[in-house]
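Asker:
Chains as they are written, first to last, in the working numbering: chain H, 1 to 511; chain U, 512 to 629.
#1: Just to check, is the beta-carbon of residue 424 of chain H closer than 7 Å to a non-hydrogen atom of the ligand PLP?
#2: Quick one: any contact between the stretch 338-346 of chain H and the stretch 290-298 of chain H, if contact means 3 or more CB pairs under 8 Å?
#3: Any Cβ of chain H within less than 8 Å of the Cβ of residue 591 of chain U?
#4: If we require 3 or more residues per run, which beta strand (DSSP E) segments fall completely within the stretch 14-92 of chain H?
#5: Would you please verify whether the beta carbon of residue 89 of chain H is less than 8 Å from any beta carbon of chain U?
#6: Hey, would you say residue 77 of chain H sits closer than 8 Å to residue 57 of chain H, going by beta carbons?
#7: Less than 8 Å between CB atoms is the rule here; does residue 519 of chain U satisfy it with respect to chain H?
#8: Taking CB distances under 8 Å as the criterion, tell me whether residue 105 of chain H reaches chain U.
#9: Within the 8 Å Cβ cut-off, does residue 49 of chain H reach chain U?
#10: List the residues of chain H that residue 619 of chain U touches, going by C-beta distances under 7 Å, in chain order.
#11: Is the separation between the beta-carbon of residue 607 of chain U and that of residue 568 of chain U shorter than 8 Å?
#12: Considering residue 477 of chain H, what are the terminal residues of the beta strand (DSSP E) in which it resides?
#13: With a threshold of 16 other CB atoms inside 10 Å of the CB of residue 186 of chain H, please say whether the residue is buried or exposed.
#14: Kindly say whether residue 22 of chain H, judged by its beta-carbon, lies nearer than 8 Å to any beta-carbon of chain U.
#15: Quick check: is the beta carbon of residue 2 of chain H nearer than 8 Å to any beta carbon in chain U?
#16: Please list, in chain order, all residues of the same chain as residue 440 of chain H whose beta carbon is under 6 Å from its beta carbon, the five residues on each side excluded.
#17: Does residue 8 of chain H come within less than 8 Å of chain U when only Cβ atoms are used?
#18: Could you run through the stretch 558-583 of chain U and flag, in chain order, every residue whose CB is less than 8 Å away from some CB of chain H?
#19: Residue 94 of chain H and residue 150 of chain H: beta carbons closer than 8 Å?
#20: Helix, strand or coil: which one does DSSP assign to residue 269 of chain H?
#21: Any Cβ of chain H within less than 8 Å of the Cβ of residue 634 of chain U?
#22: Provide the residue span of the alpha helix (DSSP H) that contains residue 394 of chain H, from first to last.
#23: Any C-beta of chain H sitting closer than 8 Å to the C-beta of residue 556 of chain U?
#24: Just to make sure I have the definition right: I need the residues of chain H whose C-beta is within less than 9 Å of the C-beta of residue 609 of chain U. Which are they?
#25: With a threshold of 16 other CB atoms inside 10 Å of the CB of residue 165 of chain H, please say whether the residue is buried or exposed.
#26: Among U/625, U/624, U/627, U/617, which one has its Cα closest to the Cα of residue 28 of chain H?
#27: With a CB to CB cut of under 7 Å and the five nearest residues on each side skipped, what residues in its chain are close to residue 228 of chain H?
#28: Only counting runs of 3 or more residues, tell me where the beta strand (DSSP E) segments fall wholly within the stretch 207-243 of chain H, in order along the chain.
#29: Can you give the Cα-Cα distance for residue 473 of chain H and residue 501 of chain H, rounded to whole angstroms?
#30: Mapping the DSSP letters down to three states, classify residue 552 of chain U as helix, strand or coil.
#31: Just to make sure I have the definition right: I need the residues of chain U whose C-beta is within less than 7 Å of the C-beta of residue 73 of chain H. Which are they?
#32: What do you reckon, are the CB atoms on residue 458 of chain H and residue 250 of chain H nearer than 8 Å?
#33: Does the count of Cβ pairs from the stretch 439-453 of chain H and the stretch 362-378 of chain H closer than 8 Å reach three?
#34: Let's see if you can read the secondary structure: which residues bound the alpha helix (DSSP H) around residue 504 of chain H?
#35: Measure how close the beta-carbons of residue 281 of chain H and residue 343 of chain H come, nearest whole angstrom, since I'm counting them as under 8 Å.
#36: Between the stretch 542-554 of chain U and chain H, which residues of the former have a C-beta closer than 7 Å to a C-beta of the latter?
Structure (structure tokens):
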């Protein structure tokens, strides 16, 4: 034991000696400034003539800041801590570093703030790589097109609005309609990854949310075993506005660390409406010209440069990916407001959740007509593609037909049949929260409705039918599910087997 | 009034790197409230640029004072006593800080150890 101690002591001494040799005792010349004004956590300082945008600065009391604007005589700095403690006349010095976050593999499962400080009461994150918060997104040469699905486990999404790895898919809707639930379900579903692959790393960025909401999300992730492959970056409503503004950039910087290692990453920005609010607040304090809805002129660029960092890297560049799920909260379903239209135009599609559907008990309350995935189709498996057919369009048509049918009493047989089928499809696409389904089970559910196996079942019993059907498949259709899990288009034999298994089940099912 | 002109007025308000009170009184009486604010701000910045702030653990080191006077002949030099510096001298010239102190060296050494070890 004493030997080990001696060796350790020696090693420590050797290390210290080596560090001392590396130390340069040159005279330090620093670029400094003086605080002129402190307005709500935004500092105006003179001096700092050599500082650059995005550079980290340190105030006399040790609080850090970041340069957000440079004028002829002044620098505007956002404070990354307690802004009240910075007084007029105190000094501020450059650090020469671009604002970065320390990322190490041990960050998985942790809850941190945008500057990398732990919020979960656990020890500091180990020293790893410093990832810059602001970075130019990879160019076209480094990228390749989206071709791998990111399975959410939600039938309505995986079938109608598929998401690919490297895609940016917006989740949009009013408050309390299950936008966060969709994102959380997607994170939970990453647990069900193939044994030969690593799970998709999930980053949940909470921007300006209530502490209680963030705590609930963390509890859910923990309860469903999703925390070990997740990271929560939180800047709650009580945090300084500067931290709220930086939180999505911190999240994507962490994502880039894992992406560079060839891993697939999913990042959820919950939500970008509050992020836009925080940037508006900062800009107004900085006296930048206000535009529409008092947002600054570069609000579009703020979100486009953030979301442009979602990427699918080519194999040559490691093959990693960052899939972004930004969330936008609308007011009274108005998707034509400033921030929603901006983010809709930036992203590769949107999932629109609607209050009418939610209030009618359709959950997830996804409007198939307004929702779209512009690139995800290329990433959908052949198995799923062959089964869904024109499901999304049929769903959108059913909704319109159902609205017209309310006025007419006499309907022809074909329309009645279409309505009945539509009703059953709506039922089968309903899904409980925190219960993501694997792709083979989703395929079987949708296939059974599309092929008329639920036509003789009352609408109210469709969900029970589905539940028992899936249980039956897991017990007696393992071979079939394994076949479907390959993602290949079902062969004639597989289709025959699907038919046989479903008919066998129907004999046992009593409506 | 244009900010460039206000800056010129501020520059003209100095005689041998010291503020001329009479000139400032004349200029201030003729400026509008908004311009006056910019003028005062420009004066403050210029005054800072013309002043050399020196911190030392002892104030009566004539050798150092003479050397600084020769090195910066056009600057107003303000000396402050700071015993925490332990030894050496700290100079702030406009927005550049030259740290020749023992305290600074120790702090840099601590920072170096922190950066190179877990």
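In this text, a Cβ means the ideal position worked out from N, Cα and C, and glycines have one as well.
Answerer: According to the structure data:
#1: As for the ligand PLP, it is missing from this structure, which has no ligand bound.
#2: Verdict: yes, contact present.
#3: no
#4: Within the stretch 14-92 of chain H, the complete beta strand (DSSP E) runs of at least 3 residues are 28-39, 42-47, 55-59, 64-70, 74-79.
#5: no
#6: yes
#7: no
#8: no
#9: yes
#10: 28
#11: no
#12: Neither: residue 477 of chain H is in no beta strand (DSSP E) and is coded neither H nor E.
#13: buried
#14: yes
#15: Any answer about residue 2 of chain H is weak, because its pLDDT of 47 lies below 50 and its placement is not dependable; what the coordinates show is given next. Output row for residue 2 of chain H: interface = no.
#16: 481, 484, 485
#17: no
#18: 559
#19: no
#20: strand
#21: This structure does not reach residue 634 of chain U, given that chain U is present from 512 up to 629, and the question cannot be answered.
#22: 391-405
#23: So, interface residue.
#24: Near residue 609 of chain U (Cβ distances below 9 Å), the residues of chain H are 27, 28, 29, 30.
#25: buried
#26: U/617
#27: 108, 109
#28: Counting only runs of 3 or more, we get 230-235.
#29: About 8 Å.
#30: helix
#31: 556
#32: no
#33: No, the stretch 439-453 of chain H is not in contact with the stretch 362-378 of chain H.
#34: In this chain, the alpha helix (DSSP H) harbouring residue 504 of chain H covers 492-508.
#35: 19 Å between Cβ atoms; not a contact.
#36: none
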